[in-house]
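Counting from 1 along the sequence shown, just add 1 to a position and that's the residue number in this note's numbering. Beta carbons are placed, not taken as given, at the ideal position from N, Cα and C, and that holds for glycine. First up is the structure itself, then whatever we jot down about it.
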Amino acid sequence: MIAPLAHLAARRCARPVALLTLAAAAAALALQSSGSAALLRREAWLVLGALALALLTHAAARLSAEWRERDADAFGGAPRTRLEIAASLWLGAWLAGAAGAALLALFAEVRAGPRGKAPRELARAELVGFNSARDDVRWSARLTPPSGARALELELGFVATDVAATVELRARRGPFATRTQQVISAPTRMAVELPVGAGEVEFELERTAGAGVVYSTSDTALWLAAAANTRLASVHFAAHALVGLAAWCALALALGSVLPASLAAATALALSVPSALGEDPAWRAWTPWGGLFEALEALEIGHIPAAPTWSAFASATLLCVLTLLAAARGLTSWRNAR
């Protein structure tokens, strides 16, 4: 690793014009601080995060060309492998992004106001065979909750044939059972506490009064842990951002060694679009960015996002290794670089 080169790459990814652009956007958001804490937190991450990501990936994509044009002679006093050069450039870009994520987390929490309590997501459960027919029983399944889960939450849709409907969600584990009732007249979320004990839990959703079609608007349900400090929301979101940034910076660097910087940055960002659309839960689970978009959804509904999964770390590591190898091939060696 070439520490001076990594430091130089970090400085180039945090140029004054980029910092001024982000500061202006933050000032504009600070002047419009109306809404719930969850909305303000999500707005800060979405607006400033998207802007910072675009600036960072473009700067990372320029690093390869800048190495060839300006730095090869300065850092060519001793033999260096191209992989070491690529890794140093990537590390500098990622460290700049990490510093920005930390500052953004601080800004988001200051903007959100006083701390409170919010449900904390643990994982997602795939829903199979959810019945939207107009009979009393809408859905039933047996699911195994992860360790620490306290409740299951469903996202429900409602097609009205009456003003409203009363829906009951039950959970049974052995001799113990819990239930919750809710009157719904529009799409909503509904959660039930898990019974005491260990092992599988049987869930059943039933309309007990009124009329209308109740159905799941998502193919997954949320396992929730005990409510936690809302400050944890930005901490977990920043952790997802760091995993995604590692992959985005590596992709931008590799593509920037063979493509113009703007095209390389746009391509790197475009590769994450399938994860953002979320059509396939498995694709989201095994991409470095899938957890980031799920975390953004958690902020939108006022939840604390789940921590990054091992599959996100594994996919990010694999992608970084492969793309840095590709970036190394795109760099001209130190001996003949000009």
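Residue state for T58 is assigned as helix, using DSSP reduced to three classes. Spanning the alpha carbons of V160 and V129 requires a straight line of approximately 20 Å. Per DSSP, the continuous alpha helix (DSSP H) segment holding W311 begins and ends at W311 to G331. The residue from L30, A53, A265 and A55 with its alpha-carbon nearest to that of E44 is L30. Bounds of the beta strand (DSSP E) holding T179 are F177 to I185.
With a contact defined as Cβ atoms closer than 8 Å, E156 and R190 qualify at about 5 Å. L49 has its alpha-carbon roughly 41 Å from the corresponding atom of A142. The residue from W284, S34 and V193 with its alpha-carbon nearest to that of R171 is V193. Beyond the five residues adjoining it in sequence on each side, A266 comes within less than 6 Å, by CB distance, of T58, H59, A62 and A253 in the same chain, given in chain order.
Take the alpha-carbon of L256 and the one of V274: they are about 17 Å apart. Fewer than three pairs of CB atoms, one per stretch, sit closer than 8 Å, so the segment 216-223 makes no contact with the segment 84-104.
In this structure, the straight-line span from the alpha carbon of A313 to that of A26 is close to 30 Å. For A113, same chain residues with a beta-carbon under 6 Å away, outside a window of 5 residues either side, are A38, L41 and R42 in chain order.
By the C-beta criterion, the segment 110-125 is judged to be in contact with the segment 229-249, since at least 3 inter-stretch pairs fall below 8 Å. The C-alpha of C321 is placed about 15 Å away from the C-alpha of G331.
With respect to A165, S186 sits close: the two C-beta atoms are nearer than 8 Å. Counting other Cβ atoms within 10 Å of its Cβ, V244 reaches 16 or more and is therefore classed as buried. The straight-line gap separating the alpha-carbon atoms of R180 and R174 is approximately 12 Å.
Around the C-beta of A315, fewer than 16 other C-beta atoms lie within 10 Å, and the residue is accordingly described as exposed. For G158, the enclosing beta strand (DSSP E) has its first and last residue at A152 to V160.
Within the segment 11-68, the complete alpha helix (DSSP H) segments of 4 residues or longer fall at 17-31 and 38-67, listed in chain order. Runs of the alpha helix (DSSP H) lying entirely within the segment 263-309 and spanning at least 4 residues, in chain order: 274-278, 282-286 and 291-301. By the Cβ-count criterion, W249 is buried, with 16 or more other Cβ atoms from all chains shown falling within 10 Å of its own Cβ.
Per the C-alpha coordinates, the member of A55, R285, Q182 and A87 positioned closest to A7 is A87. Collapsing the DSSP output to three states places L206 in a strand.
Note that the C-beta distance between L206 and A152 is not below 8 Å.
A Cβ-Cβ separation of about 20 Å leaves L246 out of contact with W68 under the 8 Å criterion. Annotation for V259: no alpha helix (DSSP H) segment contains it, and DSSP assigns it neither H nor E. R71 counts as exposed, since fewer than 16 other beta carbons sit within 10 angstroms of its beta carbon. Note: A142 is bridge-paired with F204 in the DSSP secondary-structure output. Using a Cβ distance threshold of 8 Å, L293 and L84 do not count as a contacting pair. Looking at the DSSP output, S217 bridges to L157.
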